[in-house]
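Here the protein sequences line up with chains A and B, keeping their order. Mapping of the first sequence onto my numbering: position 252 corresponds to residue 252, and the numbering continues sequentially without gaps. In short: position in the second sequence from 1, add 304, done, that's my numbering. We put the CB at the ideal spot given by N, CA and C, even for glycine. Structure first, commentary second.
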Amino acid sequence: MKSEAQKKERTMKLSLPTEELMSSGNLACQGCGATLAMRYVLKALGQKTALCIPACCWSVIDGPFPYSTLDVPIFHCAFETAASSAAGLKAGLEMVGDTETTVVAWAGDGGTFDIGIQALSGAAERNDDILYICYDNEAYMNTGIQRSSATPYGAWTTTTPVKHFKNRPKKDIDAIMAAHRIPYQATASIGYPEDLYKKTKKAKEIKGTRFMHIYAPCPSGWKSRPEDTIKLARMAVQNCVFPLYEVEFGEKYTLNIKPREKKPIDDYLKLQGRFHHLTEEHIKMIQEEVDRNWGRLLRRVDAC
Amino acid sequence: MKKVIMGNHALSWGAQLGRAQVIAAYPITPQTQVVELLSEMCASGALDAKFIKVESEHSAMAACIAASLAGARTFTATSAQGLTLMHELLHWASGGRMPVVMGNINRAMAPGWSIWADQNDSLSQRDTGWIQFYCSSNQEVLDMVIQAFKVSEALLIPSMVVLDAFAISHTYEVVDIPDQDKVDSYLPPFNPPVRLTPSDPHAFGGLTSPEHYFELRYKLQKDMEKVPALVEETGREYEKLFGRYLGQVENYRCDDADLIFVSSGTAGYTARVAVDELREAGIKAGNLRIKLFRPFPFEKVRQILIKAKKVAVVDRNISYGHGGIFYQEVKSALYGYDHNLPVFGFITGLGGRDVTPGTFKEIAQHALAKEKAEEDIIWVGVKR
Ligand SMILES: Cc1ncc(C[n+]2csc(CCOP(=O)(O)OP(=O)(O)O)c2C)c(N)n1
Ligand code: SF4
Ligand SMILES: [Mg+2]
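Structure (structure tokens):
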């Protein structure tokens, strides 16, 4: 029999803090990855955090006025202004004597890869002291599953119907951010909470622009089962569709999880209705693209 | 301290004396000197502010809004294309009740590219919920910025301080630069009743159902309605300290006038020359210069115009499909009060074409010759 203290120590070592800054009452769909991403991130950042949330699923998930599911302040800002709002909020807080609060821009892939990229690039180039977090569900979900430039090749969305599925690969936002030579950036996944937690902690302690790109499956938009959310997130790391790595100053690449055996993508695609129309040939093309991306990443990691 | 400065620098001085804490701005002709001087003021420490050198006007306004939410006094300046790029965020600032103060240099909208004065940029933002002040001199620009902070912060409504391209922005005039101590006594630090802070976490601007939204807008309008009285009060307070009264309008020889011009911006100064010359020629003219455009000073305008025999509204702007924008406002101010007062609407000076005393005399001639307005727009100085 283990003593209470021993038990506690064990849980402390293995899991995340038990404190919650996000409560259960929220408006997310069942199995929403974006919601888990927020929950884990706030565990790492703690109470002294302020969020700028542009239009995205999270502006709904948080709940309507006067409610909020989060125990940290939120500025619901315009769709394309996550980074510029966060930069302004940080400057404003500092000028009124609050130099400690971590100011987070929390945006979806649409708000990051597309409409918000100008403001993001501006903030990153200035190295504004903000933590920019993009939860990536690979489409505009808030408005009903339209394609974004984060939507992967082959996917169905309401603006890329099966007869005209998305015929361009996902934009490599991480390479774009690396080109800004910011002090810290990382990819993370809700399928690997400890890794996500650790990176968020690390990002919190760094000054300047930090960028985190969190993979967040969306059952409603991907036409997957809510209970498969975690599974899909883990598969995407194991098959190298969404590798987990860090980049410092745009140069130093560190791979965090290297799959022992790189899995083929077939099973991953099969679990998602948005890919059901694809032929063998399309799947082969996607596999080749994944392999190329993975090879490129390994070369960058090896070069360090 | 008296200094000879350009109109743009009057904006920068206003921001410095007002102790702006966060500035985010992007250059555009004819506003560039505003940001250049502010950069120097921040770099030298003369102004203790954070200057975010944003990549667009859009981000400038976004940053100002968020900084204001944190409780910092914020300032920006722009013109024409930059102002209209901000449009969505202008609503954000007023709807979110962030009292940002912004200088806008009136410049005609492209295409074709123009850097010269007209008012369509700022007037096309009239329904965004911003207070709008129109200036006619460098001194007025500086004074107005300081007063704008006071009015905006009291009511949590953002303000735009508007000045003409070149005729003010690049023109050098003697400006009395007030003592910092006195400005400090006039304008205490910004201390909003609610602000974004982790020590009292709230969500600002989230999803607002029909159950609540209507009341938020009702309150914005109710507070807008308080602006005219507050402008009077803060203007008198300013006058006590600095000897200059700002107010909602300038009444120039209107009290016994038969014909009153309604004008704004630098044209409102030019009009005074025309008034004097017309009076020498035996025509009792006057000029009502509108300084506060939003909210429109209906009561003041009505009080002054109702005594005239004719009113000639001079617009350096146009609402396409309708006519001069000040003309619309003046007519609605008079509606139901004096149906017989003839009000003429003139459009002139678009895209920076000169508006001279001669322009006003031509306008007077037209208004005096007709019994009442025969068309919605009377064009002055257009080549047809
Ligand atoms: C300027 C502007 N254009 C369009 C919209 C409509 N809109 C709201 S959220 C959204 C998509 C958000 O997508 P993403 O950033 O990926 O977040 P998600 O909804 O997927 O969580 C769009 C197009 C808007 N709010 N503002
Ligand atoms: S649509 Fe997707 S991202 Fe949005 S709340 Fe539902 S599951 Fe989450
Ligand atoms: Mg999305």
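Check, Outcome
"For I419 of chain B, the three-state DSSP class (helix, strand or coil)", "coil"
"Chain A residues whose Cβ lies nearer than 7 Å to that of L511 of chain B", "S59, V60, P64, F65"
"Three-state secondary structure assigned by DSSP to H362 of chain B", "helix"
"Residue(s) in a DSSP beta bridge with T102 of chain A", "A:T49"
"Any non-hydrogen atom of ligand 3 within 8 Å of E138 of chain A CB", "yes"
"Cα-Cα separation, D560 of chain B to K613 of chain B", "10 Å"
"Nonlocal neighbours in the same chain, by C-beta distance under 6 Å from C439 of chain B, ignoring five residues either side", "V445, M448, L467"
"Closer than 8 Å: N167 of chain A CB and nearest ligand 5 heavy atom", "Within the structure as shown, ligand 5 is missing, the only ligands being ligand 1, ligand 2 and ligand 3."
"Bridge-paired residues (DSSP) for Y135 of chain A", "A:G108, A:I214"
"Inter-residue Cα distance where the pair is M345 of chain B and P496 of chain B", "26 Å"
"Within chain B, the residues that G88 of chain A reaches when beta carbons sit closer than 7 Å", "V326, A328, I356, A366, A367, C368, I369, A370, A371"
"T652 of chain B at chain A interface by Cβ criterion, 9 Å", "no"
"Where the beta strand (DSSP E) through I464 of chain B begins and ends", "Before going further, note that residue 464 of chain B is Met rather than Ile in the sequence given. 463 to 468 is the extent of the beta strand (DSSP E) around M464 of chain B."
"Between the CA atoms of I461 of chain B and K530 of chain B - distance to the nearest angstrom", "11 Å"
"Local conformation of T336 of chain B per DSSP, three classes", "helix"
"Inter-stretch contact (C-beta, 8 Å, three-pair minimum) for the region 107 to 121 of chain A and the region 56 to 65 of chain A", "yes"
"Whole alpha helix (DSSP H) elements within the region 548 to 603 of chain B, 4-residue minimum", "571 to 584"
"Amino acids of chain A, ordered along the chain, whose beta-carbon sits closer than 8 Å to that of F508 of chain B", "P73, I74, F75, H76"
"Q385 of chain B versus A364 of chain B - alpha carbon distance", "13 Å"
"Minimum Cβ-Cβ distance from G407 of chain B to chain A less than 9 Å", "no"
"Interface positions of the region 89 to 106 of chain A facing chain B (Cβ-Cβ less than 8 Å), listed along the chain", "L89, A91, G92, L93, E94, M95, V96, D98, T101"
"Burial state of P259 of chain A (16 or more Cβ within 10 Å)", "exposed"
"Rounded separation between Y192 of chain A and P226 of chain A - CA only", "17 Å"
"Residues, ordered as in the chain, of the region 549 to 577 of chain B that lie near chain A by beta-carbon distance below 8 Å", "none"
"Cβ contact check for the region 536 to 551 of chain B and the region 573 to 589 of chain B: 3 or more pairs under 8 Å", "no"
"Reference F242 of chain A, options A:F65, A:K223, A:A216, closest by Cα", "A:A216"
"Contact check, P502 of chain B vs T101 of chain A, beta carbons under 9 Å", "yes"
"Simplified DSSP assignment, three categories, for K245 of chain B", "Lying outside 305 to 688, the shown extent of chain B, residue 245 of chain B is not represented and no answer is given."
"Reference N644 of chain B; option with closest CA among B:V577, B:I610, B:H626, B:W683", "B:I610"
"Continuous alpha helix (DSSP H) stretch holding G407 of chain B: start and end", "Here G407 of chain B belongs to no alpha helix (DSSP H); instead the beta strand (DSSP E) covers 405 to 410."
"T99 of chain A, buried or exposed, once every other Cβ within 10 Å from all chains shown has been counted against 16", "exposed"
"Residues that L500 of chain B contacts on chain A, provided the C-beta gap is smaller than 9 Å", "A50, P73, I74, F75, L89, G92, L93"
"Residue-chain proximity (P243 of chain A, chain B), Cβ-Cβ < 9 Å", "no"
"Three CB pairs or more closer than 8 Å across the region 589 to 605 of chain B and the region 644 to 663 of chain B", "no"
"Where L271 of chain A falls: helix, strand or coil (DSSP)", "coil"
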